[in-house]
Each structure stands twice: as C-alpha cells, then as structure tokens.
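Comments concern the structure below.
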Amino acid sequence: MSHTCNNFLMHCMDFRVHKDIKALMEQNGWMGDTDLVSLAGSAKAIVSPESQAVALRQIEISKTLHSMKVVHLMAHTDCGAYGGKAAFADEQAEYEKLTGDLKQARDIVKNKWPDLEVKLSLAHIDETDEHHPKITFEDIA
Ligand SMILES: [Zn+2]
15 MSHTCNNFLM HCMDFRVHKD IKALMEQNGW MGDTDLVSLA GSAKAIVSPE SQAVALRQIE
75 ISKTLHSMKV VHLMAHTDCG AYGGKAAFAD EQAEYEKLTG DLKQARDIVK NKWPDLEVKL
135 SLAHIDETDE HHPKITFEDI A
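Take a look at the structure:
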C-alpha cells in the first residue's frame, strides 16, 4: 500500500501561529494531504548552516516517502529565532530580512530538487490585543 500526499509545510515552532495555520490548512484543503514540520525560524533553519541538513532532510523524507510535490515555507513576524521584532530597526527591516530568508531558502530547495514547487508566505502577528493576537497570511512572490 502506498501513501502519498501533495504538500509539505514548514512553519515555526511558535505556539502563537498554530491555530491560524490549522485554519488556513483546512481552508486550503491541505488537512490529510500535508507533511508538517515545525522548526524554530522555519526558513531560517534552511538558510542557517548549523540547521540546514536537518531541515532539508525533512523535505527529502517527505519527497521520497510520500511523493510530495509542493513545499510551503512559512515565516512569521516577531519570530524569536531572529530575536523578535525588537532585533530590527523597524518593520521594513524585519520584513526584508524575513522575506529575504524565505527567498534564499526557496533557492536552496529548488537547487536541490528542481522538480518541487516552492511557495512562500509570511504570517503577520498583530498583538494589539495581547490576549487575541490576529494573524494574517501574505503570499510572498
Ligand atoms: Zn518563530
């Protein structure tokens, strides 16, 4: 018996984003069709030399074992793996770093597996209401 799935999603371990990621997955019909990996910093784990092998190994296993076709890499604002939003001069600097790492991670994955489709997104965390953070997802081209 073979078991396959179409998607692979790597997101950050941060608990604040998980409920909304689950909702997004349900909305997109990815539930039951996605290998799911949670690593601190997500794309940062792919672009960082010390964690790259571990991160890429997850993609390799998903591809080999489940014939996965689409890799979704998701970053989020105020990510602790980067030192949070306080580590950046302003929102623009944070945005450029996060999206830059996503694009670099995509290049690394595409270079290794040209047949995989790679999609990028950024989860914006709005904590104006600290008890109910609002998450919005942005597709990154
Ligand atoms: Zn994070």
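Residue numbers (the working numbering): 15 to 155.
We put the CB at the ideal spot given by N, CA and C, even for glycine.
Every value quoted in this text rests on a predicted model; they were computed, and no experiment measured them.
Within 10 angstroms of the Cβ of residue i, are there 16 or more other Cβ atoms? Answer buried if so, exposed if not.
i     : result
Ala25 : The displayed chain sequence assigns His, not Ala, to residue 25. With 16 or more other Cβ atoms within 10 Å, it is buried.
Lys33 : exposed
Val31 : buried
Asn21 : buried
Thr78 : exposed
Val68 : exposed
Thr91 : buried
Give the DSSP bridge partners of residue i, in chain order.
i      : result
Ile60  : According to DSSP, which records beta bridges pairwise, Ile60 is partnered with nothing at all.
Thr150 : His138
Phe22  : Asp49 and Val85
Val144 : The residue asked about is misnamed: residue 144 is Glu in this sequence, not Val. Answer by DSSP bridge pairing: none, since Glu144 is not bridged.
Glu131 : Val84
Taking 8 Å as the cut-off, does the region 94-109 touch the region 66-85 (at least 3 CB pairs, one atom from each stretch)? no
Under 8 Å: do the region 85-95 and the region 126-135 share three or more Cβ pairs, one atom per stretch? yes
Could you check whether the region 47-58 touches the region 112-128, counting it as contact only if at least three pairs of C-beta atoms, one from each stretch, sit closer than 8 Å? yes
Ignoring anything shorter than 4 residues, give me the alpha helix (DSSP H) runs that lie fully in the region 48-118, in order along the chain. 57-61 and 66-80
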